[in-house]
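Mapped onto my numbering, the consecutive letters of the sequence shown carry residue numbers 1406 to 1768. We put the beta carbon where it would ideally sit given N, CA and C, even for glycine.
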Amino acid sequence: MTKKVVVIAAGGTGGHLFPAAAFAEEMFRRNWRVILMTDARGRRYAEGFPAERIEDVPAASLSANPFTAVPALFKIWRGVNEAKRRFTELPPALVAGFGGYPSFPALMAARAHKVPILIHEQNSVLGRVNRTMATSASIVACGFERLDRLPAKVADRKRVVGNPVRSPILAVRERPYPEAPAGGRLNLLIIGGSQGARVFGEVIPAAIASLPQALRQRLDVVHQVRAEQVDTAKKAYAKAKVNAEVAPFFTDMGQRLGACHLVISRAGASSVTELQVAGRPAILIPFAAAADDHQTANAEGLTAVGAADVFTEQEFEPAALAGLLERRLADPHGLAVRAAAARAAAKPEAAKSLADLAESVAR
């Protein structure tokens, strides 16, 4: 029996590629052939992506500037035609779009070839490409109950499945929340999204440095910062006599998440979902410039159940963060309660639920 082919269309950031990778793993387990279609930028976040092959097609983001819009339109047109050609060579049974402008050419080619389309939106606000393609999709699956900007005519196609997460994160769910005995070590994990967060590298070391000495001495900090901030952050922690590991990226995020007592993070869809699945309390700082302020909406997935505190970027400054950190870290029982609330809000079967939907609409 010939295996069916699913083309996964995704790109832009790790926030689009990580859930797509978890879905791909599940489709492989179900004996499907998996092709990832993205662009050169998306490929940067696709290392180790579980696909038979990764295909680049030209893609671009449109802007209101006519000097950049015309070249972008031409590039998109070339990408759609390239995707059409590849679909003729290897007809897919389904195209699954996970958002980001690199997903657009494959989705347009699917519509032209009358290939069933499944859309998955990770955020609480439907992204621009997914919004454009929603009316052509058989199903619009989503990560959270809240889904703003969904066209009214496709409301009956909405399915809340959660966001698929990678196997190492699912494994954390099987581990209990780490105990924090009185006077014992406290593990603080700081992640700023797949591209880092400049403000995190500026505010957080200063906040931690202002904590009482007795608390600073108990901290083990793992801090993801932008590459150009690594040296400055390391010096700040060393000056404050805080044990800290600082790097632009950590490949063993499952292990880091499993060991931590508290997380400071952006409120990207993948970050919020991984905190839910792992069952970890958090302090969230939504990215103010995110389209449609979707990170503030995403944060509700944890704040609504009492598992997270939220700062706006305007409120996020060293003194305010230090005060909150001191209160939270002084209450291990409260952190454990918040961890349990996060865990209860998770949808750990998201990849399987999404694969079920995919198989139900594939041709």
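Going along the chain, which residues of its own chain have a beta-carbon closer than 7 Å to the beta-carbon of residue i, five neighbours each way excluded?
i: Ser-1508; result: Ala-1414, Ala-1415, Gly-1416, Gly-1502 and Val-1534
i: Ala-1451; result: Leu-1422, Leu-1441, Thr-1443 and Ile-1459
i: Arg-1483; result: Pro-1463
i: Val-1485; result: Pro-1510, Met-1513 and Ala-1514
i: Tyr-1582; result: Gly-1684, Ala-1741 and Ala-1744
i: Leu-1620; result: Glu-1731 and Leu-1734
Would you grab the beta carbon distance between residue i and residue j for me? Rounded to a whole angstrom, and I think it's under 8 Å.
i: Leu-1667; j: Pro-1686; result: 6 Å
i: Phe-1605; j: Val-1627; result: About 12 Å; that fails the 8 Å criterion.
i: Ala-1539; j: Leu-1555; result: 7 Å
i: Ala-1638; j: Val-1647; result: The Cβ separation is near 11 Å, so there is no contact.
i: Phe-1492; j: Ala-1514; result: 5 Å
i: Leu-1616; j: Leu-1499; result: The pair is not a contact, with the Cβ atoms about 51 Å apart (cut-off 8 Å).
i: Gly-1505; j: Glu-1526; result: 11 Å between Cβ atoms; not a contact.
i: Arg-1564; j: Gly-1663; result: Incorrect: roughly 30 Å between the Cβ atoms, too far for contact.
Work out the CA separation of residue j and residue i for me, nearest whole Å.
i: Leu-1495; j: Ala-1517; result: 15 Å
i: Asp-1636; j: Gly-1548; result: 36 Å
i: Ile-1609; j: Pro-1723; result: 7 Å
i: Cys-1665; j: Val-1520; result: 44 Å
i: Pro-1497; j: Lys-1489; result: 11 Å
i: Gly-1711; j: Arg-1661; result: 23 Å
i: Ser-1466; j: Ala-1696; result: 13 Å
i: Thr-1717; j: Ala-1693; result: 7 Å
i: Gly-1447; j: Pro-1573; result: 22 Å
i: Asn-1528; j: Val-1677; result: 10 Å
i: Ala-1767; j: Gly-1419; result: 26 Å
i: Val-1545; j: Asp-1625; result: 41 Å
i: Glu-1487; j: Trp-1437; result: 23 Å
i: Met-1658; j: Ala-1649; result: 16 Å
i: Ala-1749; j: Ala-1702; result: 19 Å
i: Leu-1689; j: Val-1410; result: 38 Å
i: Phe-1655; j: Ala-1643; result: 20 Å
i: Arg-1603; j: Ala-1614; result: 18 Å
i: Lys-1558; j: Ser-1765; result: 21 Å
i: Asp-1461; j: Ser-1468; result: 22 Å
i: Ala-1641; j: Ile-1481; result: 45 Å
i: Pro-1471; j: Leu-1762; result: 40 Å
i: Val-1412; j: Thr-1473; result: 29 Å
i: Glu-1457; j: Gly-1589; result: 47 Å
i: Ala-1645; j: Gly-1739; result: 26 Å
i: Arg-1449; j: Ala-1560; result: 34 Å
Can you give me the Cβ contacts of residue i inside the same chain, cut-off strictly under 8 Å, excluding the 5 residues immediately before and after it?
i: Glu-1374; result: The first residue shown for the chain is 1406 and the last is 1768, placing residue 1374 beyond what the model contains.
i: Pro-1653; result: Gly-1601, Gln-1629, Val-1630, Arg-1631, Ala-1632 and Val-1635
i: Pro-1753; result: Gly-1567, Val-1570, Leu-1575, Arg-1578 and Val-1682
i: Pro-1455; result: Ala-1426, Ala-1429, Glu-1430, Phe-1433 and Val-1439
i: Glu-1705; result: Ser-1529, Phe-1549 and Arg-1551
i: Ala-1587; result: Pro-1737
i: Ala-1747; result: Leu-1680, Gln-1681, Ala-1683, Gly-1684, Arg-1685, Pro-1686, Ala-1687, Leu-1707, Val-1710, Ala-1712 and Ala-1713
i: Arg-1435; result: Ala-1760 and Glu-1764
i: Lys-1408; result: Asn-1436, Trp-1437 and Arg-1438
Please list, in chain order, all residues of the same chain as residue i whose beta carbon is under 6 Å from its beta carbon, the five residues on each side excluded.
i: Ala-1612; result: Pro-1723, Leu-1726 and Ala-1727
i: Ala-1542; result: Ile-1522 and Ile-1524
i: Glu-1607; result: none
i: Ala-1751; result: Gln-1681 and Val-1682
i: Gln-1622; result: none
i: Ala-1562; result: Note that residue 1562 corresponds to Arg in the displayed sequence, not to Ala. Answer for Arg-1562: Ile-1544 and Val-1545, listed in chain order.
i: Ala-1477; result: Ala-1465 and Leu-1467
Mark residue i as exposed unless 16 or more other C-beta atoms lie within 10 angstroms of its C-beta, in which case mark it buried.
i: Gln-1618; result: exposed
i: Glu-1550; result: exposed
i: Ser-1675; result: buried
i: His-1699; result: buried
i: Asp-1714; result: buried
i: Gly-1453; result: exposed
i: Arg-1536; result: buried
i: Gly-1532; result: buried
i: Glu-1720; result: exposed
i: Ala-1585; result: buried
i: Pro-1424; result: buried
i: Ala-1445; result: exposed
i: Val-1475; result: exposed
Report whether the distance from the Cβ of residue i to the nearest heavy atom of the ligand SAM is below 7 Å.
i: Ser-1468; result: Inclusion of the ligand SAM in the displayed structure is not the case, the ligand content being empty and no account of it being possible.
Could you confirm whether any beta carbon from chain C is found closer than 8 Å to the beta carbon of residue i?
i: Thr-1443; result: Among the chains of the structure shown, chain C does not appear; only one protein chain is present.
May I ask you to verify whether the region 1663-1678 touches the region 1579-1594, counting CB pairs closer than 8 Å and requiring at least 3?
-> The region 1663-1678 vs the region 1579-1594: in contact.
Counting Cβ pairs, one atom from each stretch, are 3 or more of them under 8 Å apart for the region 1728-1741 and the region 1560-1578?
-> With the cut-off at 8 Å, the region 1728-1741 and the region 1560-1578 do not touch.
Between the region 1675-1686 and the region 1738-1747, are three or more C-beta pairs nearer than 8 Å?
-> Contact holds between the region 1675-1686 and the region 1738-1747, because three or more Cβ pairs, one in each stretch, are under 8 Å apart.
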